[in-house]
Amino acid sequence: MVKAIVGANWGDEGKGKITDMMAQEADIVIRFQGGANAGHTIVNDYGKFALHTLPSGVFYSHITNIIGNGVALNIPLLFKELQSVVDRGVPAPKLLVSDRAQIVMPYHILFDQYEEERLGGKSFGSTKSGIAPFYSDKYAKIGFQVSELFDDALLEEKTARICETKNVILEHLYHKPLIDTGELLDTMRQYRDIVAPYVCDVSAFLDKALKDNKTILLEGQLGTLKDPDHGIYPMVTSSSTLAAFGAIGAGVPPYEIKQIVTVCKAYSSAVGAGAFVSELFGEEAEELRRRGGDGGEYGATTGRPRRVGWFDCVASRYGCRLQGTTDVAFTVLDVLGYLEEIPVCTGYEIDGERTEDFPVTCRLEKAKPVLEKLPGWNCDIRGIRVYEELPENCRKYIEFIESRIGYPITMVSNGPGRDDIIYRKSALKN
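The opening residue of the sequence shown carries number 918 in the working numbering; numbering runs sequentially from there.
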């Protein structure tokens, strides 16, 4: 059985915690897209971790963790991260890397930095991890697959050919130092030596796992609103963030994906530029940011302060619909316990008209939030494990959100730890 764990919004919804939690009853966790440009924060018995490329199943000895073919693989960063986890007392996890995964090259990171520098005030707010140049090369068919590291003749010819093209751009567009082909070849051979023990035909491995009735978790990065097709283009990432892409980025048949857990925060947050209709500013935003998450709302990869806002029913309903949601995991609900009343964005006003449909970017940028205020519960709900024991106003908030997004909230997270979770049966029939 295959289950996908994905985000409904801008990312930062708490997918790492939900994956870590669901991995207890799984056999395999696979990252199927994205790279080291976003992180998953996990709190468990080993401590607090910010994972960037490693799958969130690495804290269990029974899990096989896989880097899928859809991932932007930064080899030195992956293994530095692996070592950092082991150094903190976590048993060395089982790890496999797809032979069809493509490699983030050192020049991808440079090109990302140079392009943001060139764009200046019109930049996309990139994390400068090389992701856009990586995926550009992948689809221009000039990327390097992991398998190619093991063919010396191919590697030499291709490296020389690609350096020739890249150096023209470096010299004439960016006016930066050129790539030394020999140095790059040496780097690629070092990458080969590092990754060699982990390389695997992942789609064949997963095919056997499915025939053996294993449970596979597809772990997504970011969320619907960062998808290059269905997100807030062009303020998006460069790989599909949808559960449907999990079949492609992992190498499994689409009909095997039986459960799609879409993670929603109890309020909104985003890193980077782009339209954010329910965004808060000033002291109100700073208080929510300071109280948010576990240690505040700051990017797990960048450390940048996240933009924060009230829960957005329009964006979340759209996000859940595009994911094909079967279950909603509703996270960081405990953070809102300080509020006497809680505004919720239930619609947008665009050019004087109200809509509850999520619009294209040029219209989204003109949208103003339509807010409804719900009474808060004004107390700490951490430690509660039974839904009926939550304060009445807290349950009403959950049920109001559920009715507005139209997808069943079956998990409620009320703290950062693995066990800070409440399971509930939704009244909705999805």
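Each residue gets a CB set at the ideal place from its N, CA and C atoms; glycine is no exception.
Top-ranked residue by Cα proximity to residue i, from the options
i: Ser-1195; options: Gly-1189, Glu-1203, Tyr-1184, Leu-1256; result: Tyr-1184
i: Asn-954; options: Leu-1281, Arg-1221, Cys-1181, Lys-1083; result: Arg-1221
i: Thr-1272; options: Glu-1282, Cys-1279, Val-1287; result: Val-1287
i: Thr-1158; options: Gln-1138, Gln-1176, Ile-1174; result: Gln-1138
i: Val-1007; options: Asn-961, Glu-1204, Asn-986; result: Asn-961
i: Tyr-1304; options: Ser-1330, Ser-973, Gly-1293; result: Ser-1330
i: Asp-1229; options: Gly-1189, Leu-1197, Met-1328; result: Leu-1197
i: Phe-1162; options: Val-988, Ile-983, Tyr-1340; result: Val-988
i: Pro-1276; options: Lys-1175, Asp-1297, Gly-1148; result: Gly-1148
i: Leu-1036; options: Leu-1090, Phe-996, Leu-1071, Asp-1068; result: Leu-1090
i: Ile-1318; options: Cys-1237, Cys-1279, Pro-1333; result: Cys-1237
i: Ala-1192; options: Gly-1199, Pro-1151, Gln-1107, Gln-1176; result: Pro-1151
i: Asn-1295; options: Gly-1099, Glu-1257, Pro-1145, Asp-1124; result: Glu-1257
i: Leu-1072; options: Asp-1146, Arg-1109, Asp-1129; result: Arg-1109
i: Phe-1067; options: Tyr-1052, Gly-1099, Ile-1111; result: Ile-1111
i: Ser-973; options: Tyr-963, Gly-964, Thr-958, Asn-986; result: Thr-958
i: Arg-1335; options: Met-918, Gly-928, Lys-965; result: Lys-965
i: Gly-928; options: Glu-1306, Tyr-1255, Gly-1189; result: Gly-1189
i: Ala-1202; options: Trp-1227, Cys-1181, Tyr-963; result: Trp-1227
i: Val-1339; options: Ile-1026, Glu-1034, Thr-1248; result: Reading off the sequence, residue 1339 comes out as Ile, not Val. Taking only the C-alpha atoms, the option nearest Ile-1339 is Thr-1248.
i: Phe-996; options: Tyr-1115, Leu-1123, Glu-1065; result: Tyr-1115
i: Pro-1145; options: Thr-1278, Asp-1129, Gly-1300, Ala-1070; result: Thr-1278
i: Asp-1124; options: Glu-1289, Ala-1164, Arg-1106; result: Ala-1164
i: Ile-1026; options: Pro-993, Arg-1207, Gln-1000; result: Pro-993
CB-CB length for residue i against residue j, believed under 8 Å
i: Ser-1231; j: Cys-1262; result: It should be noted that the sequence gives Val, not Ser, for residue 1231. Right, the Cβ-Cβ distance comes to about 7 Å (below 8 Å), so this counts as a contact.
i: Leu-968; j: Gly-956; result: 6 Å
i: Thr-1154; j: Lys-1143; result: 5 Å
i: Val-1021; j: Gly-952; result: 6 Å
i: Thr-1179; j: Ala-925; result: 5 Å
i: Gly-1209; j: Ser-1186; result: 7 Å
With 16 other Cβ atoms within 10 Å as the buried cut-off, status of residue i
i: Tyr-1056; result: exposed
i: Arg-1302; result: exposed
i: Arg-1321; result: buried
i: Thr-1082; result: exposed
i: Phe-1061; result: buried
i: Glu-930; result: buried
i: Gly-933; result: buried
i: Val-1085; result: exposed
i: Arg-1341; result: buried
i: Asp-1004; result: exposed
i: Asp-1337; result: buried
i: Tyr-1265; result: buried
i: Asn-991; result: buried
i: Pro-1050; result: buried
i: Cys-1181; result: buried
i: Asp-937; result: buried
i: Glu-1306; result: exposed
i: Glu-1034; result: exposed
Beta-carbon spacing of residue i, residue j below 8 Å
i: Pro-1325; j: Asp-1244; result: yes
i: Ala-921; j: Leu-1135; result: yes
i: Arg-1223; j: Tyr-1215; result: yes
i: Ser-1156; j: Gln-950; result: yes
i: Ile-1259; j: Leu-1253; result: yes
i: Ser-978; j: Val-1119; result: no
i: Leu-1239; j: Thr-1141; result: yes
i: Ala-1246; j: Val-923; result: no
i: Pro-1010; j: Val-975; result: yes
i: Ile-1096; j: Tyr-1031; result: no
i: Ile-1048; j: Ile-1079; result: no
i: Leu-1087; j: Lys-1093; result: yes
i: Ile-984; j: Arg-948; result: yes
i: Tyr-1314; j: Leu-1291; result: yes
i: Asn-1310; j: Gly-1293; result: yes
i: Cys-1117; j: Leu-1205; result: no
i: Ile-1298; j: Lys-1283; result: no
i: Ile-945; j: Ala-1126; result: yes
i: Lys-1175; j: Met-918; result: yes
i: Gly-1241; j: Ile-1177; result: yes
i: Thr-1098; j: Ala-1113; result: no
i: Asn-982; j: Gly-1168; result: no
i: Ser-1046; j: Asp-1029; result: yes
Residue-level contact to chain B via CB, residue i, 8 Å cutoff
i: Arg-1208; result: Looking at the structure shown, chain B is missing, and only one protein chain is on hand.
Residues that residue i bridges to, as DSSP identifies them
i: Val-1021; result: Answer by DSSP bridge pairing: none, since Val-1021 is not bridged.
i: Gln-1089; result: In the sequence under discussion, the amino acid at residue 1089 is His, which differs from the Gln named in the question. Answer by DSSP bridge pairing: none, since His-1089 is not bridged.
i: Gly-1226; result: Ser-1185, Glu-1196
i: Ile-959; result: Phe-966
i: Leu-1135; result: Ala-921, Ile-947
i: Lys-1290; result: Pro-1260
i: Ile-1298; result: Its beta-bridge partners do not exist; DSSP assigns none.
Residue i Cβ short of 7 Å to the ligand MG heavy atom set
i: Tyr-1255; result: Absence of the ligand MG from the depicted structure is noted, as is the absence of any ligand whatsoever, leaving it without description.
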